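Worksheet for the structure shown next.
Residue numbers (our numbering): 1073 to 1322.
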């Protein structure tokens, strides 16, 4: 995962407290500042999971600016899934039977001033390199929609329910007190174009690679988001897309 480059960007692991604070600062800007209009030059987004995760930084090699970040939590098998951030919001007891290495991908964000698609490509290249090096068999995490108005994302949720639900053997059950059960409530054929336009970019990429989601969204009013549990079994990635990821990972 180290020394990976694409275009003007490079990716590396955080190694110092200063690196971690830079990631936490960018996360606050994306998850709080940008969404609420708040302006606090020293505020950070942090939680107890930061201490047990590896933090990945994507930087502009010309300026040194941090343009994106995410964190990963390695798990040796599904029996450890209770340690994950997602387990706070979803009943993942079915996934506890998964017998293979997993990683949780979380807190993914891209600086609002940077929209170069190479940034997302590099993030996936970094994940591909880690998957290859560590023999990871599943990626999972929470994919977030901005805001808590479910009506704004009806086409997207209808598509998730119609085409992208998790297989029953892995399907997360409800745990959070406030959820939107879209698979029950939106049983119709979606407008595919409108649905994909409303999908968060990271979730869109998961789905293109064969990923799947929970049958409900958690309403997180603290972060002003709706999020769905998202999983991707590595062996399910279409061969052509797997080759592209390996090419980016170098």
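Beta carbons: idealized from backbone N, C-alpha and C, even for Gly. Since we're looking at a predicted model, the values are computed, not measured.
Asked, Found
"Exposed unless 16 or more other CB atoms sit within 10 angstroms - verdict on residue 1261", "exposed"
"Simplified DSSP state of residue 1271, which is helix, strand or coil", "coil"
"Identity of the residue in 1098, 1132 and 1137 nearest residue 1118 by Cα", "1098"
"Buried versus exposed call for residue 1294 [16 or more other C-beta atoms within 10 Å across all chains shown]", "exposed"
"Residue 1135 to residue 1176 span [Cα, whole Å]", "30 Å"
"Stretch-stretch touch, CB-based, cutoff 8 Å, three pairs: the region 1251-1261 with the region 1302-1313", "no"
"Cβ distance (whole Å) where residue 1128 is taken to contact residue 1085 below 8 Å", "6 Å"
"Which listed residue (1185, 1186 and 1164) has its alpha carbon closest to that of residue 1242", "1164"
"Residue nearest to residue 1284 in terms of C-alpha spacing, selected from 1275, 1291 and 1292", "1275"
"Which of helix, strand or coil DSSP assigns to residue 1203", "helix"
"Proximity to residue 1101 [Cα-Cα], best of 1209, 1178 and 1115", "1115"
"Candidates 1133, 1185 and 1235: closest to residue 1082 by CA position", "1133"
"Bridge-paired residues (DSSP) for residue 1145", "1176"
"Minimum C-alpha distance to residue 1187 - residue among 1076, 1080 and 1315", "1080"
"Member of 1289, 1125 and 1194 whose CA lies at the smallest distance from the CA of residue 1218", "1289"
"Neighbourhood of residue 1131 by C-beta distance below 8 Å, restricted to the same chain and skipping five residues each side", "1081, 1082, 1083, 1084, 1137, 1138 and 1139"
"Backbone CA spacing between residue 1280 and residue 1089 [nearest angstrom]", "35 Å"
"Residue 1211 versus 1092, 1196 and 1287, residue with shortest Cα-Cα distance", "1196"
"Spatial neighbours of residue 1278 in its chain, beta-carbon cut-off 6 Å, leaving aside the 5 residues before and after", "1302 and 1304"
"Short CB-CB distance (under 7 Å) between residue 1170 and chain B", "Protein chain content of the structure displayed is limited to a single chain, and chain B is not contained in it."
"Of the residues 1318, 1103 and 1170, the one placed nearest residue 1184, counting alpha carbons only", "1103"
"Residue ranges of each alpha helix (DSSP H) within the region 1250-1309, 4 or longer", "1254-1257, 1264-1270 and 1273-1280"
"Assigned secondary structure, residue 1057 (DSSP; H/G/I helix, E/B strand, else coil)", "In the structure as shown, the chain begins at 1073 and stops at 1322. Residue 1057 is therefore absent and cannot be evaluated."
"Residue closest to residue 1041, alpha-carbon to alpha-carbon, out of 1153, 1122 and 1221", "Nothing can be reported for residue 1041, as the shown portion of the chain is limited to 1073 through 1322."
"Whole-number beta carbon distance between residue 1158 and residue 1105, since they are thought to touch under 8 Å", "Their Cβ separation, rounded to whole angstroms, is 24 Å, which puts residue 1105 and residue 1158 out of contact at 8 Å."
"Proximal residues to residue 1203 (C-beta, below 8 Å), its chain only, five neighbours per side dropped", "1175, 1211 and 1306"
"C-alpha distance - residue 1255 paired with residue 1235, whole-angstrom precision", "10 Å"
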